[in-house]
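Trainee: This is the structure I have questions about; it appears just below.
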Amino acid sequence: MYVATYRGEGRRTKHYKSEKAALKSIRNWLKDNLDKGYSVGLMGPDIPPTEYNDWELIPFEEPKAASFYSSKEWSNLKAEAFEKYGNKCACCGRSPLHNVIMHVDHIKPRSKYPALALDINNLQILCDICNIGKSDKFETQWRE
């Protein structure tokens, strides 16, 4: 258990299950109370007692941005690609009726051409088998 003592106009103590959660809360509180001269003391089982009075000096990593494939932009573009190109593989012609999973594939891979990641003209519909076979080594457009 980590214990933070917040010293502002008053004094309050709060308990945290992890050091990461404590540091995040302390950092946000000090940031919100910038230029007021407030401080926070933190104690925990595996850290020495530490006093913080500047949010910028707190060791804390911002959460990483959401994955490209879980973004709203990709979700919308994927739906648009299925509408535009249909629900059958541009390479072999299979569809979900053939028990295959359909993928929206980047013709030119995102890893090599990040500027084309959200370009509808760089997309094609492939079945899972053709897409796995293609990987990012080939830039073949099978779309007609």
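The sequence shown begins at 1192 in the numbering used here and counts up by one. Here a beta-carbon is modelled for each residue, glycine too, at the ideal position from N, C-alpha and C. Bear in mind that the values here come from a model prediction, so they are computed numbers and not experimental data.
1. Are at least three pairs of beta-carbons, each pair with one atom in the stretch 1255 to 1263 and one in the stretch 1215 to 1231, less than 8 Å apart?
2. Return the chain-ordered ranges of every beta strand (DSSP E) run that is complete within the stretch 1261 to 1312 and spans a minimum of 3 residues.
3. Would Ala1213 be called buried (16 or more neighbouring beta carbons within 10 Å of its own) or exposed?
4. Could you tell me the alpha carbon to alpha carbon distance between Cys1321 and Cys1282, rounded to whole angstroms?
5. With distances taken Cα to Cα, identify the nearest neighbour of Ser1209 among Tyr1193, Ser1286, Pro1250, Gly1199.
6. Need the endpoints of the beta strand (DSSP E) that Arg1156 sits in, please.
7. Grouping DSSP H, G and I as helix and E and B as strand, with all else coil, what is Glu1330?
8. Can you give the beta carbon distance from Lys1269 to Asp1296, rounded, assuming they're within the 8 Å contact cut?
Mentor: For this structure:
1. no
2. 1293 to 1297
3. Along the sequence shown, one-based indexing puts residue 1213 at 22. By the 10 Å Cβ count, Ala1213 comes out buried.
4. Taking the first residue of the sequence shown as 1, we reach residue 1321 at position 130. Taking the first residue of the sequence shown as 1, we reach residue 1282 at position 91. Distance between the alpha carbons of Cys1321 and Cys1282: 7 Å.
5. Within the sequence shown, residue 1209 is the residue found at index 18, counting from 1. Selected option, being the one with the closest Cα: Tyr1193.
6. Summary: the structure shown does not reach residue 1156, with the chain confined to residues 1192 through 1335, and so no result is reported for it.
7. Mapped onto the sequence shown, residue 1330 falls at position 139. Glu1330: coil per DSSP, three-state reduction.
8. For this step, residue 1269 is matched to residue 78 along the sequence shown. For this step, residue 1296 is matched to residue 105 along the sequence shown. Actually they do not touch by this definition, with Cβ atoms about 11 Å apart.
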